[in-house]
Each structure stands twice: as C-alpha cells, then as structure tokens.
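Read through the structure below, which is laid out as structure tokens, and then see the notes.
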Ligand SMILES: Cc1cc2nc3c(=O)[nH]c(=O)nc-3n(C[C@H](O)[C@H](O)[C@H](O)COP(=O)(O)OP(=O)(O)OC[C@H]3O[C@@H](n4cnc5c(N)ncnc54)[C@H](O)[C@@H]3O)c2cc1C
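Numbering (this note's numbering), first residue to last: 98 to 220.
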C-alpha cells in the first residue's frame with residue numbers, strides 16, 4: 098500500500114508518519130468465520146429477524162430492555178452499508194422510545210410503523 102501511495106503522492110513520505118508496527122488481524126481467523134456476505138444463510142432467518150427487530154423492546158422483560166445493537170451484522174443484508182445505516186436509525190428510535198421520547202406525529206419512526214413493516218416472524 099505504501100508503495101502504491103508513493104507512486105500517487107511521490108513528494109509525501111507517508112511512511113514517516115507510521116509510529117507503530119502495522120498489525121493485520123484477519124477476520125478469517127475469528128471463531129465461526131463464515132466469509133463475507135454469508136451472514137444470511139439458510140436457517141439464519143430466525144436469528145436475523147430477532148436481531149433486526151430487537152430495537153422494538155416493549156414486549157421484552159424489563160431487565161432485557163435498554164441494550165441496542167447496530168451494524169451491518171444486525172441487518173437483513175449483512176455486510177452492506179445500507180443495513181448499517183438502517184439499523185442505526187432503528188436504534189435511534191429505540192433509544193428515544195426507551196427514554197420516553199417519541200417521533201413527530203407527522204414523521205413516524207421505524208418502531209411506530211413496526212406492525213406494518215416488521216419482517217414476518219416464523220412459527
Ligand atoms: C473491502 C470492502 C468493500 C465494501 N464495499 C461495499 C460496497 O460497495 N457497498 C456497501 O454497501 N458496503 C460495502 N462494504 C461493507 C460496508 O463497508 C459495511 O457494511 C459498513 O461499513 C458497516 O458499517 P458498520 O457501522 O456496521 O461497521 P464498521 O464500519 O465496521 O464500524 C465499526 C466501528 O467500530 C469500531 N470498533 C470496533 N471495536 C471497537 C471497540 N472495542 N471500541 C471502539 N470502537 C470499536 C471500528 O474501528 C469501526 O470503526 C464493504 C466492506 C469492505 C470491507
């Protein structure tokens with residue numbers, strides 16, 4: 098990478114700004130690694146549905162409320178930016194709702210529309 102950057106910016110010594118030994122951690126070494134874009138395999142739907150919908154917590158026991166997960170991992174389209182953004186927006190609604198707030202009536206949030214938009218729950 099430094100070699101390539103030097104070709105693009107020959108007058109800038111990027112290497113001089115490196116203050117530590119670069120460390121690469123491969124997710125392929127993580128336990129249960131499934132590869133990129135493989136978090137939605139057959140059989141995963143029930144987990145994905147639970148993860149994606151966890152921001153609507155009114156039906157949760159009291160002691161399980163208040164933790165909101167966000168990221169492409171939580172989305173239905175694992176490892177795409179869109180899912181990262183939508184789950185973040187969902188969590189914002191969840192936090193606001195958890196703290197007693199509400200969306201503007203003319204601009205309902207994802208939790209307000211949940212009964213219409215929620216993914217199908219399998220039996
Ligand atoms: C090579 C590549 C190409 C891609 N191309 C596309 C594409 O074309 N289109 C598309 O839609 N998506 C693409 N993606 C996927 C997209 O980049 C991700 O889905 C998106 O960035 C996920 O956003 P996120 O906020 O969920 O997670 P991340 O962007 O991974 O953010 C997580 C953040 O948490 C930080 N973090 C981790 N641990 C800790 C800790 N303990 N304390 C504090 N901070 C911590 C990390 O440093 C990171 O900044 C690509 C991804 C890769 C790797």
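Glycine is no exception: its CB is placed at the ideal position from the N, C-alpha and C atoms.
Item: C-beta contact flag for residue 192 and residue 149 at 9 Å; Value: no
Item: Cβ contact (3+ pairs, closer than 8 Å) linking the segment 127–140 and the segment 164–184; Value: yes
Item: Burial state of residue 157, where buried means 16 or more other Cβ atoms lie within 10 Å; Value: exposed
Item: Beta-carbon spacing of residue 216, residue 146 below 9 Å; Value: yes
Item: Beta carbon shell of ligand 1 at less than 6 Å from a heavy atom; Value: 168, 169, 176, 177, 178, 179 and 181
Item: Contact under 9 Å by Cβ, residue 200 with residue 184; Value: no
Item: Contact check, residue 152 vs residue 181, beta carbons under 9 Å; Value: no
Item: For residue 113, the three-state DSSP class (helix, strand or coil); Value: helix
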